[in-house]
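Scroll down for the structure; my scribbles are underneath it.
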Amino acid sequence: MFYIKLFRILSFIIIFLFFALSFHLTNIAWAKECPQKRKTITAPKEFLEKVNPLRKEPRFVKEGKVLAHIKAKPLACKQCHGMNGDGLGAMAPNMSPKPRNFTCKPTMDQVSDGQLFWIIKNGSKATSMPPYSHLSDQTIWQLIHYIRSLSEEPV
10 MFYIKLFRIL
20 SFIIIFLFFA
30 LSFHLTNIAW
40 AKECPQKRKT
50 ITAPKEFLEK
60 VNPLRKEPRF
70 VKEGKVLAHI
80 KAKPLACKQC
90 HGMNGDGLGA
100 MAPNMSPKPR
110 NFTCKPTMDQ
120 VSDGQLFWII
130 KNGSKATSMP
140 PYSHLSDQTI
150 WQLIHYIRSL
160 SEEPV
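Just so you know, the sequence shown maps onto residues 10 to 164 in the numbering used here.
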């Protein structure tokens, strides 16, 4: 009797782990897709032409990272985009479309600073990306420096 119960419990655990792992691997496979196919609405022309006015200094990258990991409200960027910016945040499995993978250089090279600025400020319709219109322009530009750092080759 004991062995039958033990067998059932172990069988349940193995089946649960199998499904959890397959679900996780499916998300990883999507996030590792590079370049990503996206259908994000294009920003207005006056935004597309914007270039980050802040010099790329370590302090600005650091401030952007603090915002992405801790300070951003209503939700820290890491919750969706992940600690590494790879699109594997804790909330990503429940999202459709999945969050952008900022570590994918071919994808990020196609996105202008102005497009990033506009999406952060206004959100992205038909996705789970909320607007962060309360952030100052300087704060958004710092965040963009951090986002860009995620797809750069190590020096």
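In this text, a Cβ means the ideal position worked out from N, Cα and C, and glycines have one as well. Please read all numbers here as calculations on a predicted model, not as lab measurements.
With burial defined as no fewer than 16 other Cβ atoms inside 10 Å of the residue's Cβ, what is the status of residue i: buried or exposed?
i, result
"ASP95", "buried"
"ARG64", "exposed"
"ARG109", "buried"
"THR35", "Note on THR35: pLDDT 49, under 50, position unreliable in the model; no value is reported."
"ALA101", "buried"
"ARG68", "exposed"
With distances taken between CB atoms, is the gap from residue i to residue j smaller than 8 Å?
i, j, result
"LEU152", "ILE129", "yes"
"ILE50", "LYS134", "yes"
"PRO115", "PRO62", "no"
What is the DSSP secondary structure of residue i, counted as helix, strand or coil?
i, result
"LEU34", "Low local confidence applies: a pLDDT of 49 at LEU34 is under 50, so the model's placement there is unreliable, and no value is given."
"GLY94", "coil"
"LEU152", "helix"
"ILE22", "helix"
"GLN119", "coil"
"LEU125", "helix"
Check each candidate in the options and name the one with the smallest Cα separation from residue i.
i, options, result
"ASN103", "PRO115, GLN88 and PRO140", "GLN88"
"GLU162", "CYS113, PRO140, ARG47 and ARG109", "CYS113"
"SER145", "LYS82, PRO44 and ALA52", "LYS82"
"GLU55", "LEU125, TYR141 and THR148", "LEU125"
"SER137", "SER105, TYR12 and ALA77", "SER105"
Cβ of residue i within 7 Å of any heavy atom in the ligand SAM?
i, result
"MET104", "Among the ligands in the structure shown, none appear at all, so the ligand SAM cannot be discussed."
Note the first and the last residue of the continuous alpha helix (DSSP H) segment covering residue i.
i, result
"GLU42", "Counting along the chain, GLU42 falls outside any alpha helix (DSSP H), and DSSP gives it neither H nor E."
"GLY73", "67 to 75"
"LEU57", "54 to 57"
Is there a Cβ of chain C sitting closer than 8 Å to that of residue i, yes or no?
i, result
"GLY132", "The chain labelled as chain C is not found in the depicted structure, where only one protein chain is given."
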